Each structure stands twice: as C-alpha cells, then as structure tokens.
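A.B. asks: Numbering (the working numbering), first residue to last: 2 to 153.
(1) Rounded to a whole number of angstroms, what is the C-alpha to C-alpha distance between residue 17 and residue 148?
(2) Applying the criterion that 16 or more other CB atoms from any shown protein chain within 10 Å of the CB defines a buried residue, is residue 96 buried or exposed?
(3) To the nearest angstrom, how far is the alpha carbon of residue 65 from that of residue 89?
(4) On the DSSP letters alone, give me the boundaries of the beta strand (DSSP E) that residue 48 sits inside.
(5) From the DSSP output, which residues share a beta bridge with residue 76?
(6) Kindly give me the distance between the Cβ atoms of residue 47 and residue 81, rounded to whole angstroms, as I take these residues to be in contact under 8 Å.
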C-alpha cells in the first residue's frame with residue numbers, strides 16, 4: 002500500500018519537480034547537439050549565477066537570440082555553478098529564451114573553460130571560430146555573428 006501511495010504522489014508531483022530543475026547535460030550530448038546543427042551558427046555560452054560579467058552578458062545574448070532566425074543560429078547556455086539552488090533561482094529569474102543546461106565543472110573542463118563567461122562559436126561547417134573567456138559586449142558579438150552569417 003505504501004508503494005502505491007508513493008507512486009501516486011510521485012506521479013502527481015513529478016510535473017512540478019521536473020519544471021523546476023534545469024536539465025543536466027553530459028559532454029557527449031552537447032557534442033551531439035553541436036554536430037546535429039551543422040549548417041547553423043552554434044554558440045555555447047558557459048556561465049554561472051555568481052558571475053557578475055555573466056549577468057551583464059546574458060541580456061545581450063537574449064536579445065541576439067530573439068533577433069536571429071532559429072534556422073540560422075542556435076544559442077545554448079551551460080551553467081557551471083556549484084551551488085545548484087543559486088543556479089536554479091538565477092535561471093528562473095532570468096527567463097532565458099534559449100535552452101539552458103546544467104553542465105557543471107565536468108562539461109566546462111571538457112570544453113577547456115578556464116574562466117566565465119566563456120563563449121565557443123561554431124561556424125556552419127562545425128568548426129570552432131571563437132573560443133574565449135571574458136565578457137563580450139552585445140554590439141561586438143552581434144557584428145561578429147552578422148559577418149559570420151554572411152558567409153554561407
């Protein structure tokens with residue numbers, strides 16, 4: 002009987018639990034997403050809730066994501082936080098308009114992230130054209146992406 006009650010309770014609460022949690026991602030899955038999107042410009046932004054430059058950069062990323070066609074551009078956020086509660090609160094408050102995953106240190110290390118924010122940009126053929134840590138102003142990023150988009 003306890004198992005039935007627990008199963009029923011879990012079934013009823015699961016939709017609320019799953020909506021609150023940022024999905025985790027492994028290095029192999031992120032590499033698959035990048036490979037599956039050849040033909041698009043793919044940008045991976047590594048960030049953390051405790052990082053002031055990350056917080057300054059994200060509004061510009063959201064604006065760029067809004068303005069560029071999803072047929073041409075994919076933006077993925079990877080949270081590398083160690084405090085998961087702080088991360089969840091930040092993600093909920095920020096209202097990202099692009100997919101955000103929890104990658105933790107493992108994914109960050111696999112992609113050579115040594116500081117945040119850290120951006121990796123892939124061209125349409127899947128080659129890395131940017132792999133840099135540090136805040137990037139929205140206008141500089143947008144100008145670069147526009148030039149990259151022109152190369153078909």
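Beta carbons are placed, not taken as given, at the ideal position from N, Cα and C, and that holds for glycine.
Computed from a predicted model, the values in this text were never measured in an experiment.
C.D. replies: Reading from the atomic positions:
(1) Low confidence applies to residue 17: its pLDDT is 40, below 50, so where it sits in the model is not reliable enough to give any reading.
(2) An exposed status is given to residue 96, since fewer than 16 other beta-carbon atoms sit within 10 Å of its beta-carbon.
(3) In this structure, the alpha-carbon of residue 65 lies about 23 Å from that of residue 89.
(4) Its beta strand (DSSP E) spans residues 42-48.
(5) 44
(6) Contact holds; Cβ gap of about 6 Å.
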